[in-house]
Amino acid sequence: MQPPSIIPTHVSIIMDGNGRWARQRGKERVYGHFEGVESVRAVMEASVDWGIRYVSFFAFSEENWGRPDSEVNTLMGLMLKAMVGELENFKEHGVHFRVLGNRSRLSDELNATIDMIDNETAGGDRLTMILLISYSGKWDIQQAARRMAAAGSDDIEPFLVTSGIPDPDLLIRTSGEQRLSNYMLWQLAYTEFVFTPTLWPDFRKEEYRAAIEEYALRDRRFGKVK
Ligand code: IPE
Ligand code: IPE
Ligand code: MG
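Here the sequence shown is numbered in this note's numbering, starting from 3 and rising by one per residue.
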C-alpha cells in the first residue's frame, strides 16, 4: 500500500465500538476487545511504515473504571498480555512504547510491566506509541494545575502528562460516536477530527489511510488569515 499523501506528526485515536462489534456477532463484549488488539497492531505497523512519529490510543478512560468488574479485569489483563507480547515487535520496528494516565489506579504488576517495556524500548527512534490508560482530560488538567501551583509556575503545558509530545494533528474516533468522552481536552485545541462509523476491530490499514486522506483535505489556519 502507498503511504498517504500527507504524513501527520501525531495521530491520536479513540478506539470505540469493540462491544458492539462483538454483540453483532452474538459474542461477549470482551471478544471485541481481543480483536481490537489486532487493529492496534495494524495501525502501529502502518505508522512505522509511513513515518508517522507519534501515535496515541485511548485505551481506558477514568470513567471506564465504572464498568462491571469482570470487563475491567479482562481489559487490564488483556492490555498487560498484549504489551508483553509486542515487546519484541516494538524493538524490531524501532517503537518506543509509553503509557500515560493515572498510574496510581493501576495494579503493581501492570505498572512494573509498563516501566519495564518503556525502558526496554526507550531507544526506539522511529515511532513513539502511547497508550492512554486510566486517563481523562479533566484529570490531566487538574493534576497539572496542582503541580504547576506547587512549582510556582504559570505555564501548565510542562505539567500535563503529554509534556514533550506534540499535540495531535489528527484525532480519529471510530464507531460513529461524535464526542470526546473526556479525552485530551487541552491538547486537542487545534486538532482536526475525523469520525468514522467503522467499529474499532474493523479499523485496519485501509481505514487508517482513508482517515489520513480526509485529514489531508483540511485547511488548518490556527486562527490566522491565509
Ligand atoms: C472501546 O470499545 C474500548 C473501551 C472503551 C475500553 P467499547 O467497549 O466502548 O465498545 P462499545 O462502544 O460498547 O461498542
Ligand atoms: C471512550 O469510549 C473511551 C475509550 C475509547 C477508552 P467509551 O465507550 O468509554 O465512551 P462513551 O461512554 O461512549 O462516551
Ligand atoms: Mg464505547
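Backbone N, C-alpha and C fix where the C-beta goes; we use that ideal spot for every residue, glycine too.
All values reported here derive from a predicted model rather than from experimental measurement.
Measuring CA to CA, which of the options is closest to residue i?
i, options, result
"ASP221", "MET3, ILE8 and GLN4", "ILE8"
"SER177", "GLN4, GLN26 and VAL13", "GLN26"
"GLY34", "MET46, VAL45, GLY19 and ARG43", "GLY19"
"HIS12", "VAL50, ALA146 and MET3", "VAL50"
"LEU182", "TYR217, ASN104, ARG107 and GLY139", "GLY139"
"ILE143", "GLU30, LEU77 and PRO160", "PRO160"
"TRP1", "MET3, GLU73 and ARG31", "Nothing can be reported for residue 1: it is not among the residues displayed for the chain, which extend from 3 to 228."
"ARG22", "SER136, TYR217 and ASP204", "ASP204"
"TYR137", "LEU89, TRP67 and GLY87", "TRP67"
"ILE119", "SER72, GLY53 and GLY87", "GLY87"
"VAL42", "GLU73, ALA61, TRP52 and GLU90", "ALA61"
"PRO6", "GLU40, VAL39, ALA24 and GLY53", "GLY53"
"GLN145", "ALA24, ILE167, ILE174 and ARG105", "ARG105"
Measure the alpha-carbon distance for residue i versus residue j and round it to whole angstroms.
i, j, result
"PHE99", "PHE92", "7 Å"
"ASP169", "ASP110", "29 Å"
"ILE15", "GLU64", "16 Å"
"PHE195", "LEU172", "6 Å"
"THR115", "ASP127", "21 Å"
"GLU94", "LEU112", "23 Å"
"ASP157", "GLU179", "33 Å"
"LYS226", "LEU82", "44 Å"
"LYS29", "GLU37", "12 Å"
"MET17", "ASP117", "23 Å"
"GLY103", "ALA48", "25 Å"
"SER165", "ILE135", "16 Å"
"GLU208", "THR200", "11 Å"
"GLY79", "LEU219", "39 Å"
"ARG107", "LYS228", "46 Å"
"TYR192", "PHE224", "7 Å"
"GLY96", "THR76", "29 Å"
"MET85", "VAL45", "15 Å"
"VAL101", "TRP141", "15 Å"
"THR198", "GLY154", "43 Å"
"VAL39", "ARG206", "11 Å"
Cβ of residue i versus every heavy atom of ligand 1: is any distance shorter than 7 Å?
i, result
"GLY68", "no"
Ligand 2 heavy atoms versus the CB of residue i: any closer than 7 Å?
i, result
"ALA213", "no"
"ILE132", "no"
"ALA61", "yes"
"ARG181", "yes"
"GLU65", "yes"
"ILE167", "no"
"ILE16", "yes"
Review point. In chain order, what are the residues with a CB under 5 Å from some non-hydrogen atom of ligand 1?
Key: ASP18, GLY19, ASN20, GLY21 and ARG22
Exercise for review: State whether the stretch 115-125 contacts the stretch 150-159, with contact taken as three or more CB pairs (one from each stretch) at a distance under 8 Å.
Suggested key: no
**Study point:** Three-pair Cβ contact test at 8 Å for the stretch 209-226 versus the stretch 180-191
**Key:** no
Practice item. Taking 8 Å as the threshold, find out whether the stretch 49-62 comes into contact with the stretch 127-139 through three or more Cβ pairs. Key: yes
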